[in-house]
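**Q** The sequence shown begins at 110 in my numbering and counts up one residue at a time. Note that the Cβ used here is the ideal one computed from N, Cα and C, for glycine as well. Values in this document were obtained by computation on a predicted structure and should not be read as measured data. I'd like to ask some things about the structure below.
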Amino acid sequence: MDQLLLGIAIIIACVILIDIFIIVFIYLNHVHKVKTNGLAIFKLDFGQKKIIRLSSKSLSGSLNMDSRLQGLSANQYVDFDVFLSYLDEESQKNLTEYLSQNDNNDKRFNIYCKMSSKGYRTHQNAQGLKLLNIKMTKEKILLKFFPLGNNRYYLTIHWNARPKRSASTTFKFIKKSEDLYNALNKEKYILAYALGINEFLYNNVISKSDIEDILRIFELNNMFGYYYVKNGLILLIFETNSSFWLNHYTKKALKRLKFLHERKIINPFFNSFAFLSVNTFKSVDDVQELVDKSKYLIQHLNNKRKFDKYSSWLISDTKHDNHYQEFKSMMLDYEKKNELQQYIKENIPIISYKTKRQSKVAILKNRVIGYSDQDSEFFNNVSWYRLIYTNKWNKYLMENCEEDENIILETNEYDLINLNTYDRPKTTLLIKPLQNGFNYRLINNAFSNLKEGINLGLYIEKINDRLTNYVNIGNIKVFVISEKICKYIEKDQILYIKLLNFVKTISTIKNHVIIYQNLPEGLDELMVKTLDVQYVCK
């Protein structure tokens with residue numbers, strides 16, 4: 110009898126232990142699923158007191174600074190006051206005062222704030238936050254401002270209310286290829302995210318907090334790896350020995366890339382992104398091979414090639430092999446010829462629309478020797494090449510033209526830091542925007558450093574209110590309306606009206622010049638008159 114009772118007691122004890130284990134497992138599993146850190150990306154027009162959320166609410170997983178159901182929706186402008194309502198009163202006051210007193214601030218800055226209860230109170234994971242004993246209204250959130258000029262900013266919001274745990278692993282910066290090769294553990298597989306940096310990071314050092322933000326975007330902030338910066342790329346690199354984990358990380362990466370692409374996530378750090386997996390490095394040369402493969406993918410994405418094809422290159426892929434070898438040879442040759450300045454000068458005359466005669470002004474372009482029109486256009490569309498080679502191209506052109514020529518040279522606003530090299534009179538620098546549009550702050554800064562005889566012009570590919578407002582100031586007098594606009598003005602009534610209003614704004618500027626690129630032939634006379642068509646070019 111005693112043995113029977115003992116057996117029953119043991120069984121009951123086992124059942125209780127199993128129940129406790131299940132309860133603990135469920136609790137810890139719930140705790141694990143409730144992500145308590147996050148990132149949101151906005152664009153603020155403080156002058157107009159309007160703000161738009163650029164990032165999806167699912168960018169940060171389960172926790173947002175606002176309610177997913179009742180909060181700030183993506184891609185919709187709202188009043189800045191609505192945004193402020195998610196911050197406590199003191200934070201609202203401090204933030205508004207700082208922005209009001211620093212309306213000409215051209216440097217990025219950070220401000221810490223606290224949340225109001227508005228988003229937290231209706232949060233779909235409020236119960237999970239309670240289990241973690243987290244009160245979001247007590248946590249500081251970090252607001253980072255990236256100035257765009259004219260009282261406009263990119264704004265990223267960061268929060269991390271994660272309970273104290275063991276220190277999470279991080280990505281370490283590696284400067285040289287040899288150091289990267291030596292740092293890796295030579296595990297069986299290497300995985301890498303390749304990011305084409307945008308113009309902002311070209312003129313700014315990539316900080317640790319920038320990398321943390323990037324890792325958060327790709328959901329890598331709890332992993333260990335390395336980041337390597339070269340040739341306009343950021344490579345986020347990590348390893349695994351297991352085929353299972355290789356497949357796991359690959360599926361996760363492809364899903365994340367598709368998510369970011371479909372939602373057109375805008376951020377201050379990169380314009381394009383891809384994922385690669387390769388076998389372990391056997392020599393330092395394999396590091397450069399990974400860089401070259403990354404450039405192959407990113408440069409094709411820069412040229413609007415199919416995302417599904419050029420957003421990844423996996424170990425098992427053979428679809429890129431033949432094309433890559435041809436590309437690599439051409440790319441290395443292109444870079445070498447740029448370093449050696451193996452160029453020829455092209456002269457694009459400005460033609461009077463009425464008389465069909467050449468004017469005294471011409472657009473000068475350089476061409477790398479040995480490349481077809483199609484190949485030249487491909488490499489010239491790569492933002493990184495335009496950033497690092499534009500000054501070299503224009504220096505060659507200025508050295509190879511007559512002193513009395515009136516010339517127009519293509520540039521970008523990031524090349525304007527080299528204004529001291531533009532000392533040739535009778536020269537107009539035509540600013541052609543990179544992927545993120547004009548940076549008006551850099552253009553404004555250039556006016557105070559222009560040498561005598563140097564003018565600035567704008568190459569117009571997209572017309573919007575911000576451009577029109579800036580042009581209305583009257584500092585810019587030369588405008589080239591791009592082929593992208595000209596070829597549709599007869600078919601697209603909305604585009605035509607936008608252009609018409611833009612031309613009316615320009616017409617108020619004294620001594621203005623408008624040049625139309627590849628304007629359709631036989632244009633209606635009324636359209637010619639209303640658009641002030643005087644000069645055209647190819």
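When the Cα atoms are used, what is the spatial distance from GLY237 to ALA555?
**A** Note on GLY237: pLDDT 40, under 50, position unreliable in the model; no value is reported.
**Q** Helix, strand or coil: which one does DSSP assign to ASP322?
**A** Collapsing the DSSP output to three states places ASP322 in a helix.
**Q** Should ILE460 be listed as close to the ligand MG, given that the test is whether its C-beta is under 8 Å from any heavy atom?
**A** Although the ligand MG was asked about, the structure shown includes no ligands whatsoever.
**Q** State the start and end residues of the unbroken alpha helix (DSSP H) segment that holds ILE594.
**A** Segment 592-595, the alpha helix (DSSP H) holding ILE594.
**Q** Less than 8 Å between the CB atoms is what I'm expecting for ASN307 and PHE378, so what's the real figure, rounded?
**A** 7 Å
**Q** What span of residues does the alpha helix (DSSP H) with VAL396 cover, start to end?
**A** 394-411
**Q** Report yes if the C-beta distance between ILE343 and TYR336 is below 9 Å; otherwise report no.
**A** yes
**Q** Taking PHE347 as part of the beta strand (DSSP E), name the residues at either end of that continuous run.
**A** 342-349
**Q** If you draw a straight line from the C-alpha of ILE457 to the C-alpha of ILE150, how long is it?
**A** 42 Å
**Q** If we ignore side chains and look at the alpha-carbon of each, how far apart do LEU406 and ASN380 end up?
**A** 13 Å
**Q** Taking only the alpha-carbon atoms, compute the straight-line gap between ARG550 and HIS429 and give it to the nearest angstrom.
**A** 41 Å
**Q** Between TYR505 and GLN544, is the Cβ-Cβ spacing less than 9 Å?
**A** With respect to the 9 Å criterion, TYR505 and GLN544 are not classified as neighbours on the basis of their beta carbons.
**Q** Since THR577 and PHE611 should fall inside the 8 Å C-beta cutoff, what is the C-beta to C-beta distance between them, to a whole number of angstroms?
**A** 6 Å
**Q** Leaving out the 5 sequence neighbours to the left and right, which residues in its chain are closer than 8 Å to LEU289 when beta-carbon positions are compared?
**A** ILE283, TYR335, TYR337, ILE346, VAL396
**Q** Can you list, in chain order, the residues of its chain whose CB lies under 6 Å from that of TYR358, leaving out five sequence neighbours each side?
**A** LEU300
**Q** What is the DSSP secondary structure of ASP426, counted as helix, strand or coil?
**A** coil
**Q** Cβ of LEU329 within 9 Å of Cβ of THR389?
**A** No, these two residues do not count as a Cβ contact at 9 Å.
**Q** Do LYS463 and GLN185 count as a contact pair if the criterion is CB distance below 9 Å?
**A** no
**Q** Use the C-beta contact count for SER481: other C-beta atoms within 10 angstroms, 16 or more gives buried, fewer gives exposed.
**A** The residue in question, SER481, is exposed, as its Cβ has fewer than 16 Cβ neighbours within 10 Å.
**Q** ASN564 and VAL587 look like a contact to me (Cβ under 8 Å); what is the Cβ gap, rounded to whole Å?
**A** Going by Cβ atoms, the distance from ASN564 to VAL587 rounds to 6 Å, so yes, they are a contact pair.
**Q** For a minimum of 3 consecutive residues, which ranges assigned as the beta strand (DSSP E) are wholly contained in the segment 481-511?
**A** none
**Q** Indicate the three-state DSSP secondary structure (helix, strand or coil) for ASN564 in the structure shown.
**A** strand
**Q** Given a cut-off of 9 Å on the beta-carbon distance, is the pair ILE624 and VAL580 in contact?
**A** no
**Q** Check GLU519 in the structure and name its three-state DSSP category.
**A** strand
**Q** Can you check whether the CB of SER165 is closer than 9 Å to the CB of ARG372?
**A** It is a contact, given that the beta carbons lie within the stated cut-off.
**Q** With distances taken Cα to Cα, identify the nearest neighbour of ILE603 among ASN584, VAL645, ILE572.
**A** ILE572
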